[in-house]
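*Asks:* Handing you this structure, nothing more for now.
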Amino acid sequence: MGGMGAVYRARDKNFKAIRLVAVKEMISQVTDPIIRKNIFQIFEREANILATLRHPAIPRIYDYFTKGERAYLVLEFIHGKNLEQVLAETQGFLPEEQVLGWAVELCDVLEYLHSHKPEPVIFRDIKPSNIMSTLQNHIALVDFGIAKVFESGQKNTMVGTQGYSPPDQYRGEATPKVDVYALGATLHHLITLRDPQLEAPFSFAERVIGEINPNISKEFAAVIERALEYKPEDRYEGAADMKEALINVARKTGTLLHLNIPAATQAATRGVGVKPLWVFACEDELRGAPSYHDGSLYIGCYDNNLYALDAANGAFKWKYPTDGGIPGKPAIFEGNIYFGSEDKRLHVISTRSGKVVWTYYTEGPVRSSPRIAEGHVFVGSDDGHLHAVSVNSGRLAWKTEPGAPVRSTPFVSNEYVYFGSESGDFTCVDFRGDPRWRFKAKRAITSSPLVNDGVVYFGSMDSAFYALDAQSGWVVWRFRLGKGSISTPAVHQNLVYTGAADHIIYCIDMRSAKEMWRYTTDHQVTGSPIVHRDALYCGSVDGSLYCLDAASGRLRWRFQTEAPITGTPVAHEDMVFIGSTDKKVYAFLA
Amino acid sequence: MTNFFKRLFAKKSNHSGPLSSDAATAPLDENQIWGNDAPKPGNKYVHLIAGSALDMGKRRENNEDALLCFSGALGGGSQAQPFGLYVISDGMGGHRSGELASEAAVRALGNSLMSKLYKPLFGPEPQPSQESLRELMEAAVKEAHRAVKKAAPGGGCTLTAALVVGTQMVIAHLGDSRAYSIMRDGRMEALTQDHSLVKRLQELGQLTDEEAAVHPQKSVLYRALGQGDLAQADIFNSSMPNPGYLLICSDGLWGVLNEDTIQRIVNSTSSPYLACQHLVEAANAAGGPDNISVVLARLVY
Ligand SMILES: Nc1ncnc2c1ncn2[C@@H]1O[C@H](COP(=O)(O)OP(=O)(O)O)[C@@H](O)[C@H]1O
Ligand SMILES: [Mg+2]
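Those protein sequence lines, which keep their order, are chains A and B. The first sequence: position 431 = 431 (this note's numbering), numbered continuously. The second sequence: position 155 = 745 (this note's numbering), numbered continuously.
Here it is as structure tokens:
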């Protein structure tokens, strides 16, 4: 319980299996309605930031809401005690090993917060009562700066706690070094049992660790002293440096092996334990994307066949032969499957029988995937046209003026059709095929566009990722990638994701055009990311399928196939499917 | 173009009446204004209409607000796209520096955007800008920042600017003027976030000057154009509210009228310029403690 509000234990009824949550209540003392609204806006903004944090030492935020002058945060319930309680209940000194273990974990979570994108998160109030020790003896950080927004309405308050906060914080600075100092002060308190709140400010140097607690190694004491340096420039650069120093202490004192550090903290998990649910082997490379429909998975292969598999167990149902490799993603519409082949044809076959319904000839390989809307199939071809073909008759309705090969998959939105071409032209046509506007990138646009809330997104080989007004074609923003991209973007909430040849999966905020996070794989990302629930799935030419946290970009797992992945996964309910150039189709638990 | 600016700023001394955008608003009858909210298939011509008002209020001796309201269409043939630039700036600083700051900001921002985005489209060989709307806005804010520093050293001003092209807008925001989206169904939402919590707390006596000066959230929440080395504007894009309005106003309006009142006035008046006038009247009726400036824009299909 703090002065500003209270933390309650509560049960979340909306969750099927009852789970325990902590509800933190904060009361705003401000009476002016405009200021209060302002405060609530900041509260919501910060709650949104906190909601994106994923770290074993940070309780998850499930919800937040405001009511009158009160605001509530619904948090994961941490079973354990805060370190203030631990101190009160401990007789004599805590063992060095114990405090050292907590210290390493605290540095780890601070390192995570300080490297948060786009803005680092500075905790600003590290102290024993804001750190909990769990039943497994791991630490959790509670009480984020969010509550401080409420206190700032009061006189004589600042963020931080007298005794633990460094001088620079009183000058209004909020840098990683502020947290380094407060961590030093907390560790000093834990091992000397002298509460800095009861002592003169900045007087740690007068309470020499070795003199108060002779059990503490010189090395550990030295790390704490360095963190507590009066001048920020004399302290550790950041939490990462301090962590390294602490691990060196453990190495020297021979306690490294005893440190109870969770595996996730030690290094990013590298696909440990992720096994496919099933694997199906084809006769040649799989470069395109599967589609899921009604219990079946359909995928085209460079052995020229389109395969139909049982999605649940990977059992073979039937295959349909064409005369060329099948690069794209099949589209499914009213019981039929539409897909292009390098044999220059658009094939339409029945999902039930696997028999041909009709085929349509273009004059070049069809590498674009078909898109179906308003009774027409829209598909690009290497013959330089976008074709609009009647769904019923398989006859050409119209095709665009000849240009460079169209490998990008058209997107249909609000009576317009959008597509890119290998010359770098990006075109918007209406349903009659009349051009509405055109945009030119410096190099090829193989990436398929995606329209979201009036903006069309796509990447180009010219190393830019574009956001254009879908109505006029004006460039709203442009984001620099390290190299070109042929990946199709995915959107989720206010974020847009894409892969690029610079090995990176990018996450960009659609409103601010700022990079939220990036994840570097070991080779080019030519496939496209998809977002399913709160996870992002994306293959890389390094042969791995990656599963990342969509909000933070943290690796959840990765699975290594035997050859490059150039295609795109598809997810359905609890399963995710992908093909690899190792000739296999894989299914995983999402 | 220069004539347009001359006209705009020459009118500034005439603070008693609203300054409406007679320069560029396409005249539409009441039916057109109210009748066509949703895009009609086949009819792809979209109008952008706007109104504005600038008033000294009842307690101030001078007007430190400045505004720019420009609506038009941009393009060729039957494919003209809506184009609009709406800016409000609220000056601050001793003597006349508040006035000088806001006026310099609006003028420099307008000049930068108009010359890079609009002007290249005239002449025999139009050369549309290669820069993104966001980049153009970033550059314009930088120029406005420089202009304020030069015209009013030590002074500063807020800046809330919306550049509308097609159905998208790019908004630049610094300080505590605000942009709102107001939907026809009554929903009203602030698009911008004030950078001035501490300043406000200070004005209300919640914080002393000394406390405010060392407040850790100072840098996060308090920003203004013309102060510091860099103009740290929030720049973001959003789609134009539809069906609805984009409202930009200074604190002389939002600090006096609550959202519900604003929303009701806007949605119950048939034209943007009348709505702006009514908003000013309501703010003055509520005491008019500060300068009031408003811009209201919407798309009509
Ligand atoms: N998520 C949680 N799960 C369990 N207990 C919590 C949680 N968050 C806080 N607490 C307990 O409540 C105490 C006060 O919470 P804190 O967030 O620090 O609030 P205050 O603003 O009052 O300091 C903590 O010291 C801790 O013991
Ligand atoms: Mg606390």
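Ideal placement from N, C-alpha and C gives every residue a C-beta, glycine not left out.
Name the residue from A/Y586, A/P166 and A/G288 whose alpha carbon lies nearest to the alpha carbon of A/I126.
*Replies:* Working through the first sequence from its first residue, we reach residue 126 of chain A at position 126. Of the candidates A/Y586, A/P166 and A/G288, the one whose C-alpha sits nearest the C-alpha of A/I126 is A/P166.
*Asks:* B/S828 versus chain A: which residues are under 7 Å apart at the beta carbon?
*Replies:* Mapped onto the second sequence, residue 828 of chain B falls at position 238. Those are R511, listed as they occur along chain A.
*Asks:* Three-state secondary structure (DSSP) at A/L187?
*Replies:* Locating residue 187 of chain A in the first sequence gives position 187, where the first residue counts as 1. Correct three-state label for A/L187: helix.
*Asks:* So what's A/K155 in DSSP terms, helix, strand or just coil?
*Replies:* The count along the first sequence starts at 1 and reaches residue 155 of chain A at position 155. Only weak support is given to the placement of A/K155: the predicted model assigns it a pLDDT of 32, under 50, and the value that follows is read from those uncertain coordinates. Coil at A/K155, not helix or strand.
*Asks:* Which of helix, strand or coil does DSSP assign to A/E422?
*Replies:* Here the question's residue 422 of chain A lines up with position 422 in the first sequence. If DSSP states are grouped into helix, strand and coil, A/E422 belongs with coil.
*Asks:* Within the same chain, show all residues whose beta-carbon is closer than 7 Å to that of A/A571, passing over the 5 residues directly before and after it, in chain order.
*Replies:* Looking up residue 571 of chain A in the first sequence gives position 571. Answer for A/A571: I530, H532, Y537 and A590, listed in chain order.
*Asks:* In chain A, what lies closer than 7 Å to B/T750 by C-beta?
*Replies:* Translated into the one-based positions of the second sequence, residue 750 of chain B becomes position 160. Result: empty, since nearest Cβ-Cβ is about 16 Å, beyond 7 Å.
*Asks:* Which same chain residues, not among the five before or five after B/S606, have their C-beta less than 6 Å away from its C-beta?
*Replies:* Mapped onto the second sequence, residue 606 of chain B falls at position 16. With a pLDDT of only 36 at B/S606, under the threshold of 50, the placement of this residue in the model should not be trusted; the figure read from the coordinates follows. Cβ neighbours of B/S606 beyond the five flanking positions: none.
*Asks:* Tell me, please, whether the CB atom of B/Q758 is closer than 8 Å to any CB atom in chain A?
*Replies:* Position 168 of the second sequence, counting from 1, holds the residue named residue 758 of chain B. Output row for B/Q758: interface = yes.
*Asks:* Examine chain B for any beta-carbon lying closer than 8 Å to the beta-carbon of A/Q41, and answer yes or no.
*Replies:* Translated into positions along the first sequence, residue 41 of chain A becomes position 41. So yes, A/Q41 belongs to the interface.
*Asks:* Going straight from the alpha carbon of A/L555 to that of A/L548, what length do you get?
*Replies:* By one-based count along the first sequence, residue 555 of chain A stands at place 555. By one-based count along the first sequence, residue 548 of chain A stands at place 548. Distance between the alpha carbons of A/L555 and A/L548: 4 Å.
*Asks:* Excluding the 5 residues flanking B/R649 on each side, which residues of the same chain have their C-beta closer than 8 Å to its C-beta?
*Replies:* Taking the first residue of the second sequence as 1, we reach residue 649 of chain B at position 59. Correct list, in chain order: G877, G878, P879 and D880.
*Asks:* Please list, in chain order, all residues of the same chain as B/A691 whose beta carbon is under 7 Å from its beta carbon, the five residues on each side excluded.
*Replies:* Taking the second sequence and counting its residues from 1, one reaches residue 691 of chain B at position 101. The residues are G681, G683, V738, A741, A742, G745, G746, C747 and G816.
*Asks:* Run through chain B and tell me which residues come within less than 7 Å of A/Q162, C-beta to C-beta.
*Replies:* Taking the first residue of the first sequence as 1, we reach residue 162 of chain A at position 162. Those within 7 Å of A/Q162 in chain B number zero; the least Cβ separation is about 13 Å.
*Asks:* Starting from B/Y708, follow the beta strand (DSSP E) in both directions and report where the run begins and ends.
*Replies:* Your numbering for residue 708 of chain B matches position 118 in the second sequence. From DSSP, B/Y708 is part of no beta strand (DSSP E); its letter is neither H nor E.
*Asks:* Is any beta-carbon of chain B found at less than 8 Å from that of A/D179?
*Replies:* To locate residue 179 of chain A, count along the first sequence from 1; it is residue 179. A/D179 does not count as touching chain B.
*Asks:* Going by DSSP in three states, A/Y302 sits in which element: helix, strand or coil?
*Replies:* In the first sequence, counting from the first residue as 1, residue 302 of chain A sits at position 302. The answer is coil: DSSP assigns A/Y302 none of H, G, I, E or B.
*Asks:* Any heavy atom of ligand 1 within a distance shorter than 7 Å of the CB on A/N137?
*Replies:* The count along the first sequence starts at 1 and reaches residue 137 of chain A at position 137. Because no heavy atom of ligand 1 lies under 7 Å away, the Cβ of A/N137 does not count as near it: no.
*Asks:* Residues bridged to A/D509 by DSSP?
*Replies:* For this step, residue 509 of chain A is matched to residue 509 along the first sequence. In the DSSP output, where bridge partners are listed per residue, A/D509 has A/L495.
*Asks:* Would you say B/S702 lies against chain A (beta-carbon separation less than 8 Å)?
*Replies:* By 1-based counting over the second sequence, the position of residue 702 of chain B is 112. So no, B/S702 is outside the interface.
*Asks:* Closer than 8 Å, CB to CB, is A/N48 near chain B or not?
*Replies:* As a working mapping, residue 48 of chain A is identified with position 48 in the first sequence. It does not; no Cβ of chain B falls within 8 Å.
*Asks:* Is the stretch 863-873 of chain B close to the stretch 758-769 of chain B, with three or more CB pairs under 8 Å?
*Replies:* Judged by Cβ distances under 8 Å, the stretch 863-873 of chain B makes no contact with the stretch 758-769 of chain B, as fewer than three pairs qualify.
*Asks:* Name the two residues that bound the continuous beta strand (DSSP E) containing B/V754.
*Replies:* For the purposes of this step, residue 754 of chain B is taken as residue 164 along the second sequence, with counting starting at 1. Here the beta strand (DSSP E) through B/V754 covers L749 to V755.
*Asks:* Does the distance between the C-beta of A/E76 and the nearest non-hydrogen atom of ligand 4 fall short of 7 Å?
*Replies:* The ligand content of the structure shown is limited to ligand 1 and ligand 2, which means ligand 4 is not among them.
*Asks:* Thinking C-beta only, is A/D168 closer than 8 Å to A/V178?
*Replies:* Locating residue 178 of chain A in the first sequence gives position 178, counting from the first residue. Locating residue 168 of chain A in the first sequence gives position 168, counting from the first residue. The answer is yes: Cβ separation under 8 Å.
*Asks:* DSSP on A/E515, reduced to helix/strand/coil?
*Replies:* One-based indexing of the first sequence puts residue 515 of chain A at position 515. Correct three-state label for A/E515: strand.
*Asks:* When you measure from the CB of A/A51 to every non-hydrogen atom of ligand 1, does any distance come out below 7 Å?
*Replies:* Here residue 51 of chain A is taken as the residue at index 51 of the first sequence, counted from 1. Outside the cutoff, so no.
*Asks:* Going along the chain, which residues of the stretch 538-562 of chain A sit with their C-beta nearer than 8 Å to a C-beta in chain B?
*Replies:* Listed by position along the chain: nothing, the set is empty.
*Asks:* Taking only three categories from DSSP, how would you classify A/R251?
*Replies:* Numbered from its first residue, the first sequence carries residue 251 of chain A at position 251. A/R251: helix per DSSP, three-state reduction.
*Asks:* Rounded to a whole number of angstroms, what is the C-alpha to C-alpha distance between A/S472 and A/W358?
*Replies:* Working through the first sequence from its first residue, we reach residue 472 of chain A at position 472. Working through the first sequence from its first residue, we reach residue 358 of chain A at position 358. Near 36 Å, if we compare the C-alpha coordinates of A/W358 and A/S472.
*Asks:* Going along the chain, which residues of its own chain have a beta-carbon closer than 6 Å to the beta-carbon of A/G325, five neighbours each way excluded?
*Replies:* For the purposes of this step, residue 325 of chain A is taken as residue 325 along the first sequence, with counting starting at 1. So the list reads Y302 and E342, once near-sequence residues are dropped.
*Asks:* Are any of the Cβ atoms in chain A nearer than 8 Å to that of B/L764?
*Replies:* The residue you call residue 764 of chain B lines up with position 174 of the second sequence. So, not an interface residue.
*Asks:* Please tell me whether B/I639 has its Cβ less than 8 Å away from any Cβ of chain A.
*Replies:* Stepping through the second sequence from its first residue, residue 639 of chain B is reached at position 49. False, the Cβ-Cβ gap to chain A never drops below 8 Å.
*Asks:* Determine whether the Cβ of B/G845 lies closer than 8 Å to any Cβ atom of chain A.
*Replies:* To locate residue 845 of chain B, count along the second sequence from 1; it is residue 255. Yes - at least one Cβ of chain A is within 8 Å of the one on B/G845.
*Asks:* Verify the CB distance criterion: does B/Q867 have a CB-CB separation below 8 Å to chain A?
*Replies:* Within the second sequence, numbered from 1, the residue matching residue 867 of chain B stands at position 277. For B/Q867, the answer is no, since every Cβ of chain A falls outside 8 Å of its Cβ.
*Asks:* Got a sec? Which residues, its chain only, sit under 6 Å from A/A103 by beta carbon, not counting five neighbours each side?
*Replies:* Within the first sequence, residue 103 of chain A is the residue found at index 103, counting from 1. Cβ neighbours of A/A103 beyond the five flanking positions: L187 and L246.
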